[in-house]
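Counting from 5, one number per residue, gives the positions in the sequence shown under the numbering used here.
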Amino acid sequence: MRSIDGRGLFTGTGLIIAGLTTTLVALFIPIWSYADRSGTGVDTLNAETVSTSFGPLSAQDREFVTKVRLAGLWELPAGQQAEERGTTRSVRTAGEHLVEGHTFLDARVRSVAARLGLELPNQPSEQQRAWLATLSAARGEEYDRQFANILRAAHGKVFGLVAQVRANTRNSLVRGLADDANTTVLDHITVLEATGLVDFDALARDAASASAPPLTYSPAPPGPKASPSPPVPATPTPTYSLPPAATARPPEDGAESGGAQGGDN
């Protein structure tokens, strides 16, 4: 029978101790990394949230307010155009709904932004101007088809954001705005689909192939500032008008917080 000398016993004991040490390190590293690391979702939320008399205002809340304003800056003119160019009653009706809905929603978002001290854009984004240019170049049945599908795709994308903001916001003004936006967007989706021109297969393909867009959160309110400029027409000779220019003013002291829950909901 083979005997085990002292050196072999030491080597075997060392291997066992090394194995136990490695196991303990593997167990404690995850605990340390998750307990002490920064940059988690909650950390980001806290860092990007500011206090207001209407409740915490997150970066997503500010982005939502900006996007509501941007939607009106191009969808209201698109609705006016559809009222004039639509070759069917259903397309003209959809245009009427867009004009009515965004006239109301733009007034709401301007009021909310002013009470929160947020600055709003006064002209559509580059992508929105491109959509308006596509519609302006179309005529007849081609115009009807482009109008129904461009506007339906845009409303479908914003619909998810409205639901997410409504579910998660802690700000009463943003919550009320999300309620109004949800009602308006759903109405517009319904009347656009009622034209019978929406390509649902194309919508499904686009949704399946689209990657998540980069977040472009609006900055925290810097304080009262005038809007950068008046609205700029989307084309040199438009047949429609943009909503009035937006300005920001500081939240009113005292009495505003008392009406946070009811006045704008």
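Even for Gly, the Cβ is constructed at its ideal location relative to N, Cα and C. Small disclaimer: the values here were computed from a predicted structure and weren't measured.
My understanding is that residue i touches residue j, with C-beta atoms under 8 Å, so please give their C-beta distance in whole angstroms.
i: L74; j: T107; result: With a Cβ gap of about 15 Å, L74 and T107 do not count as contacting.
i: L207; j: A152; result: That pair is no contact at about 11 Å.
i: A182; j: V166; result: 6 Å
i: T70; j: P125; result: 7 Å
i: G99; j: E87; result: 4 Å
i: D148; j: T92; result: 6 Å
Comparing C-alpha positions only, which one of the options sits nearest to residue i?
i: V72; options: R114, Q84, S140; result: R114
i: H101; options: V202, R209, T188; result: T188
i: L139; options: Q85, R119, A171; result: Q85
i: L177; options: I193, A158, A117, S94; result: A117
i: G76; options: D183, A158, R174, T97; result: A158
i: A212; options: E197, S57, H192, K161; result: K161
i: A250; options: A111, T92, R96, R93; result: A111
i: R174; options: N50, V54, L61; result: L61
i: A277; options: F58, A171, G164, G90; result: Because residue 277 is not part of the residues shown, which for the chain are 5 to 269, the question remains open.
i: E130; options: W78, F204, F58, T53; result: W78
i: F58; options: R119, T97, E87; result: R119
i: F163; options: N186, E52, G144; result: N186
i: Q64; options: G144, E145, N172, G121; result: N172
i: Q150; options: T97, R170, E52, A82; result: A82
i: D205; options: E123, R133, R156, L122; result: R156
i: P247; options: E145, V103, N50; result: V103
On the DSSP bridge list, what partners appear for residue i?
i: L61; result: V54
Excluding five sequence neighbours on each side, which residues of the same chain lie with their C-beta closer than 6 Å to the C-beta of residue i?
i: W135; result: I154
i: I193; result: H159
i: A198; result: S94
i: V46; result: none
Could you check what DSSP says for residue i in three-state terms: helix, strand or coil?
i: G74; result: According to the sequence as given, residue 74 is Leu; it is not Gly. DSSP places L74 in helix when its eight states are reduced to three.
i: E88; result: helix
i: A157; result: helix
i: G121; result: coil
i: A250; result: coil
i: V202; result: coil
i: S231; result: Only weak support is given to the placement of S231: the predicted model assigns it a pLDDT of 49, under 50, and the value that follows is read from those uncertain coordinates. In the structure shown, S231 sits in coil (DSSP, three-state: anything other than H, G, I, E or B).
i: R179; result: helix
i: T173; result: coil
i: S213; result: helix
i: S140; result: helix
i: Q131; result: helix
Starting from the C-beta of residue i, find all residues in its chain whose C-beta is less than 8 Å away, skip the five residues before and the five after it, and write them out in chain order.
i: S55; result: L61
i: D184; result: F108, L109, R112
i: R170; result: R179, A182, D183, N186
i: A214; result: none
Please decide whether residue i counts as near chain B, where near means a Cβ-Cβ distance under 9 Å.
i: I154; result: Absent here is chain B; the protein component of the structure consists of one chain.
So is the beta-carbon of residue i under 8 Å away from any non-hydrogen atom of the ligand SAH?
i: L109; result: This structure lacks the ligand SAH, and indeed carries no ligand of any kind.
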